[in-house]
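S.K.: Here's a structure for you.
Protein chains: 2
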Amino acid sequence: MRLSRYFLPVLKETPADAQIASHRLMLRAGMVKQQAAGIYSWLPLGFKVLNRIEQIVNEEQQRAGHIPLLMPTLQSAELWRESGRYDAYGDELLRITDRHKREMLYGPTNEEMITDIFRSHVNSYKDLPLTLYHIQWKFRDEVRPRFGVMRGREFLMKDGYNFDLTKEDALHAYNRHLVSYLRTYERMGLQAIPMRADSGPIGGDDTHEFLVLADTGESEVFYDSEITDLKFGDREIDYDNVEQLQGVLEEFTSRYARTDETHDEAVFAKVPEERRRTARGIEVGQIFYFGTKYSEPMGATVVGPDGARTPVHMGSHGIGVSRLVGAIIEANHDDKGIIWPEGVTPFDVGIVNLKQGDASTDSACEALYRELKAKGLDPLYDDRDERAGAKFATMDLIGLPWRITVGPRGLASNTVELTSRRTGESEELSAEAAVNRLAEIYAPVKAAAFA
Amino acid sequence: MRLSRYFLPVLKETPADAQIASHRLMLRAGMVKQQAAGIYSWLPLGFKVLNRIEQIVNEEQQRAGHIPLLMPTLQSAELWRESGRYDAYGDELLRITDRHKREMLYGPTNEEMITDIFRSHVNSYKDLPLTLYHIQWKFRDEVRPRFGVMRGREFLMKDGYNFDLTKEDALHAYNRHLVSYLRTYERMGLQAIPMRADSGPIGGDDTHEFLVLADTGESEVFYDSEITDLKFGDREIDYDNVEQLQGVLEEFTSRYARTDETHDEAVFAKVPEERRRTARGIEVGQIFYFGTKYSEPMGATVVGPDGARTPVHMGSHGIGVSRLVGAIIEANHDDKGIIWPEGVTPFDVGIVNLKQGDASTDSACEALYRELKAKGLDPLYDDRDERAGAKFATMDLIGLPWRITVGPRGLASNTVELTSRRTGESEELSAEAAVNRLAEIYAPVKAAAFA
């Protein structure tokens with residue numbers, strides 16, 4: 001993309017009402033614009049990051065064998081009366097009346113609707129196991145929306161639902177989600193720690209929240225420091241292998257790690273003192289096993305191998321897709337701006353032309369742009385007629401992990417400058433070598449994508 | 452995808468309340484499920500088609516230089532009061548009140564919001580031309596929703612908005628949309644004819660609707676038969692070339708083609724009688740130039756080259772993404788089911804194993820499945836333990852354009868059977884030759900995708 005043809009409305013001033021770094025930086029970098037309290041437009045740069053996150057979530061869900069569909073944003077109140085949640089949910093549920101005075105709501109979650117889909121179409125245990133998921137906009141009418149997209153009202157979530165014949169099978173589905181989530185967050189450059197949590201209005205016994213450590217996190221968390229040494233890495237996973245997934249669950253959840261909701265001082269005291277940590281965390285996902293809580297009242301049953309009808313065991317599993325954009329920034333920024341991990345960056349590399357309008361720098365930049373694209377990379381070329389300082393400041397603010405600077409002095413010795421946004425270190429090398437280096441850097445990101 | 456692990460709830464019986472073919476077939480093929488009047492869940496097969504259509508729209512918009520962003524589904528009433536549409540829009544506007552008694556609405560279109568984004572961030576004519584678009588769910592509270600996704604209440608639309616300094620520039624943007632739409636529909640296997648139309652509640656003078664001819668269309672249309680001979684084809688387009696695009700506009704709009712809203716019997720009478728056609732059409736898109744209708748009341752101005760502030764010239768341009776799924780089926784089906792064009796089919800090819808459980812047919816099917824995937828094709832393998840007749844009926848119903856049948860008799864002579872859904876013709880050939888044939892058939896589809 002050429003910046004002269006893009007829409008990147010960066011702000012010079014820091015918005016006064018933005019209290020946390022991600023909110024400030026998303027406004028300054030022209031990623032979002034607030035349209036109403038807790039409701040945002042995703043401007044092109046922000047939307048691009050949102051798409052990359054969504055794509056990683058999709059790939060990892062499908063790798064785990066989960067099947068995408070799409071439920072609508074509006075639901076009928078009728079369905080929520082069946083589960084008893086229409087009256088129980090409180091003021092955060094946005095209730096709507098249509099022209100025919102029918103009661104509806106803007107879905108904050110989809111347990112009822114997916115259970116309705118299941119009971120309408122599935123009849124036999126032979127069609128299990130089944131996990132369906134969607135990535136759809138939700139609404140939660142927060143009394144005081146704040147922190148930008150971190151606590152918005154209209155938000156994008158991936159929510160998946162498993163249907164299984166037995167509790168045992170459903171716990172395997174739970175483990176599939178845990179493992180796929182570990183992998184998902186690592187691809188985004190995040191360490192998200194599964195912590196024992198409280199089930200809240202979804203219900204159920206088994207539940208883990210995934211938390212990213214950050215000073216601005218909304219939850220206080222308590223954990224054994226050994227847990228931050230765990231890496232999922234590129235291990236081979238067979239999602240049908242019950243023992244393997246149970247092993248991963250145990251590896252990642254056997255150490256103490258809890259939010260303030262479930263924290264137990266007596267248990268925590270057994271962790272060796274030098275490994276006890278207290279910090280703050282941002283919740284970026286949660287998985288639940290809740291058995292027959294919805295299937296029983298709503299009649300979601302299957303005929304089992306013995307010919308008898310039995311309610312299915314279910315769980316639900318969410319990833320906060322729009323919230324992740326904020327969480328990633330909270331964990332990756334400095335005073336100058338955002339520092340995107342390679343896995344989610346909106347553009348792979350920025351090209352800064354130091355002397356726009358000069359025939360030789362212009363043509364060197366154009367050639368570089370083409371060669372990067374030929375390698376499957378996605379460059380943002382700052383071809384505006386602006387001072388170098390302004391171009392650097394924009395690149396630092398929007399946080400592309402790599403920058404190539406092209407100027408007459410370097411070109412005289414056939415070099416360009418490749419700079420890492422994270423370390424600030426620069427290297428002079430030929431344009432060809434710079435392209436090859438970037439292709440190498442991004443090779444693991446491309447390889448992680450689902451074929 | 453293996454069918455035994457997919458969620459494809461086909462119905463044996465024709466739903467009684469579905470009046471048109473696309474609605475019946477989408478229900479029978481397990482593509483959608485109605486959740487409330489005019490509100491649907493997109494089950495996995497339907498969602499896959501929806502995604503393919505969305506991807507083509509995205510690719511062609513970006514090819515034309517238009518920039519994606521995403522506006523929220525809910526909007527504040529305040530914004531619509533500025534344009535005067537809050538009171539004018541009538542009962543189809545779904546009005547919502549939040550917990551703080553603020554008036555909101557579920558957006559049926561986004562002229563106001565995009566104008567607000569523009570006026571907040573753009574100040575100079577140097578930032579023009581600019582065209583922003585999004586693909587987002589909309590709501591129109593139809594008094595009598597019907598025909599499935601063809602006239603639903605919650606629907607997916609691509610809506611794009613151009614901002615230009617002059618009327619002339621805005622008409623070039625209009626032409627960019629016309630050309631990109633012709634290309635978009637052709638990639639979906641549709642002939643959509645641009646017809647002079649009425650602007651309705653969007654406003655403006657210049658507008659064309661794109662109509663697909665089909666007996667079940669909601670509009671009566673009148674046209675010169677020469678227009679159906681026009682093909683966009685794979686011509687090279689430079690979207691910055693004003694004359695070239697004007698030439699395409701003239702080529703595709705100079706012949707008589709109007710909907711009942713703008714039909715003029717006296718002008719139609721001048722078309723030679725043997726070329727006069729009356730038919731029905733389904734509207735799948737519309738483009739508008741409306742000048743300063745929104746920019747003036749909402750203060751969307753730029754500083755021009757002369758230093759004076761001037762309201763920008765705008766247009767809006769829509770493609771009915773969810774409606775297209777229905778329109779494509781209306782134009783492509785027979786008594787047995789859907790017949791997908793290659794450009795939008797949910798799976799490229801179906802594999803039918805005639806003797807599931809037989810070691811040699813199973814392994815031949817598995818090998819075929821892997822080889823198709825290795826060629827970048829997306830097969831659906833019916834690996835269920837079902838009779839051949841049931842497998843064929845399912846494949847015909849869901850309408851994959853190609854089917855490979857694998858059975859013991861063919862394998863004895865090293866052949867499989869490749870069948871066209873459209874013609875019903877079959878050919879016996881080696882598995883390798885079948886894979887190569889399919890790769891050839893789909894090569895133009897893959898080549899049309901935006902690199």
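Each protein sequence line maps, in turn, to chains A and B. Here the numbering used here is used: position 218 in the first sequence is 218, and no number is missing along the way. Here the numbering used here is used: position 323 in the second sequence is 774, and no number is missing along the way. Note that CB positions come from ideal geometry on N, CA and C, so glycine has one too. The model shown is predicted, which means the values in this text are computed figures rather than measured ones.
For His177 (chain A), which three-state DSSP category applies?
M.R.: helix
S.K.: In chain B, which residues lie with their C-beta within 7 Å of the C-beta of Glu54 (chain A)?
M.R.: Chain B residues near Glu54 (chain A): none, gap ~11 Å exceeds 7 Å.
S.K.: At the level of alpha carbons, what is the spacing between Glu330 (chain A) and Ile287 (chain A)?
M.R.: 23 Å
S.K.: Under 8 Å, do Thr771 (chain B) and Met646 (chain B) count as touching if we go by C-beta distance?
M.R.: Contrary to the premise, residue 771 (chain B) reads as Gly rather than Thr in this sequence. Taking C-beta atoms as the reference points, Gly771 (chain B) and Met646 (chain B) fail to come closer than 8 Å.
S.K.: Going by Cα to Cα distance, which pick from B:Phe590, B:Phe719, B:Leu775 is closest to Val964 (chain B)?
M.R.: Residue coverage of chain B in this structure runs from 452 to 902, which leaves residue 964 (chain B) outside it and unanswerable.
S.K.: Along the chain, where does the beta strand (DSSP E) containing Ala487 (chain B) start, and where does it finish?
M.R.: Its beta strand (DSSP E) spans residues 483-487.
S.K.: Measuring only between beta-carbons, confirm whether Thr560 (chain B) sits less than 8 Å from chain A.
M.R.: no
S.K.: According to the Cβ coordinates, are Pro129 (chain A) and Asp159 (chain A) closer than 8 Å?
M.R.: Taking 8 Å as the Cβ cut-off, Pro129 (chain A) and Asp159 (chain A) do not qualify as a contacting pair.
S.K.: Measuring alpha carbon to alpha carbon, tell me which residue in B:Asp468, B:Ala621, B:Ala890, B:Ala730 is nearest Thr743 (chain B).
M.R.: B:Ala621
S.K.: Taking the alpha carbon of Thr16 (chain A) as the reference point, which residue from A:Gly148, A:Ala327, A:Ala364 has its own alpha carbon closest?
M.R.: The residue asked about is misnamed: residue 16 (chain A) is Ala in this sequence, not Thr. Among A:Gly148, A:Ala327, A:Ala364, the Cα nearest to that of Ala16 (chain A) is on A:Gly148.
S.K.: For the alpha helix (DSSP H) that Asn804 (chain B) lies in, which residues bound it at each end?
M.R.: No alpha helix (DSSP H) holds Asn804 (chain B); the beta strand (DSSP E) holding it covers 800-804.
S.K.: Closer than 8 Å between beta carbons: that is the criterion. Which residues of the region 302-313 of chain A meet it against chain B?
M.R.: none
S.K.: Under 8 Å by Cβ, that's how I've got Val896 (chain B) and Arg854 (chain B) pegged, so tell me the actual separation to the nearest angstrom.
M.R.: Wrong, their Cβ atoms sit about 17 Å apart, outside the cutoff.
S.K.: Report the three-state DSSP secondary structure of Phe268 (chain A) (helix, strand or coil).
M.R.: helix
S.K.: For Phe139 (chain A), write down the residues that DSSP places opposite it in a beta bridge.
M.R.: A:Glu154
S.K.: Sort A:Pro272, A:Thr166, A:Met150, A:Ala308 by Cα distance to Leu25 (chain A) and report the nearest one.
M.R.: Minimum Cα distance to Leu25 (chain A) is reached at A:Met150.
S.K.: From B:Ser527, B:Arg550, B:Lys552, pick the residue whose C-alpha is nearest to that of Leu544 (chain B); which is it?
M.R.: B:Ser527
S.K.: Residues of the region 774-799 of chain B in Cβ contact with chain A at a cutoff of 9 Å, in chain order, please.
M.R.: So nothing in the stretch comes that close.
S.K.: Taking 8 Å as the threshold (beta carbon to beta carbon), is Gln191 (chain A) in contact with chain B?
M.R.: no
S.K.: What span of residues does the alpha helix (DSSP H) with Trp340 (chain A) cover, start to end?
M.R.: That residue, Trp340 (chain A), is in no alpha helix (DSSP H); it is neither H nor E in DSSP.
S.K.: Determine the DSSP secondary structure at Asn561 (chain B), reduced to helix, strand or coil.
M.R.: coil
S.K.: Listed from N- to C-terminal order along the chain, which residues in the region 517-536 of chain B have their beta-carbon within a distance smaller than 9 Å of any beta-carbon of chain A?
M.R.: Ile518, Pro519, Leu520, Leu521, Met522, Pro523, Thr524, Leu525, Gln526, Ser527, Glu529, Leu530
S.K.: Measuring only from the beta carbon, is Lys806 (chain B) closer than 7 Å to any heavy atom that is part of the ligand GDP?
M.R.: Judged by which ligands are present, the structure shown has none, so any question about the ligand GDP falls away.
S.K.: Which runs of the beta strand (DSSP E) at least 3 residues long sit entirely within the region 644-712 of chain B? Give them in chain order.
M.R.: If only uninterrupted beta strand (DSSP E) runs of at least 3 residues are considered, those enclosed by the region 644-712 of chain B are 657-664, 670-675, 708-710.
S.K.: Name the chain B residues whose beta carbon is nearer than 7 Å to that of Ala64 (chain A)?
M.R.: In chain order: nothing, as chain B lies at least about 12 Å away.
S.K.: Would you kindly check if the distance between the Cβ of Lys824 (chain B) and the Cβ of Gly858 (chain B) is under 8 Å?
M.R.: no
S.K.: Counting only C-beta atoms, is Ile282 (chain A) closer than 8 Å to chain B at any point?
M.R.: no
S.K.: How about Gly60 (chain A) and Thr184 (chain A): do their beta carbons lie closer than 8 Å?
M.R.: In the sequence under discussion, the amino acid at residue 60 (chain A) is Glu, which differs from the Gly named in the question. It is a contact, given that the beta carbons lie within the stated cut-off.
S.K.: Are the C-beta of Met298 (chain A) and some C-beta of chain B separated by less than 8 Å?
M.R.: With its beta carbon at least 8 Å from every one in chain B, Met298 (chain A) lies outside the interface.
S.K.: Give the single residue among A:Gly285, A:Ala300, A:Met298, A:Ile117 whose Cα lies nearest to the Cα of Ser322 (chain A).
M.R.: A:Gly285
S.K.: Are the C-beta atoms of Phe7 (chain A) and some chain B residue less than 8 Å apart?
M.R.: yes
S.K.: Once you ignore the five residues that flank Phe118 (chain A) on each side, which residues in its own chain have a CB closer than 6 Å to its CB?
M.R.: Phe163, Ala300
S.K.: Give a yes or no on whether 8 Å exceeds the smallest Cβ distance from Asp91 (chain A) to chain B.
M.R.: yes
S.K.: In angstroms, rounded to a whole number, what distance separates the CA positions of Ala266 (chain A) and Arg258 (chain A)?
M.R.: 13 Å
S.K.: Closest by CA to Ser83 (chain A), which one among A:Asp116, A:Tyr381, A:Gly65?
M.R.: A:Asp116
S.K.: For chain A, find out if any of its Cβ atoms is closer than 8 Å to the Cβ of Gln695 (chain B); answer yes or no.
M.R.: no
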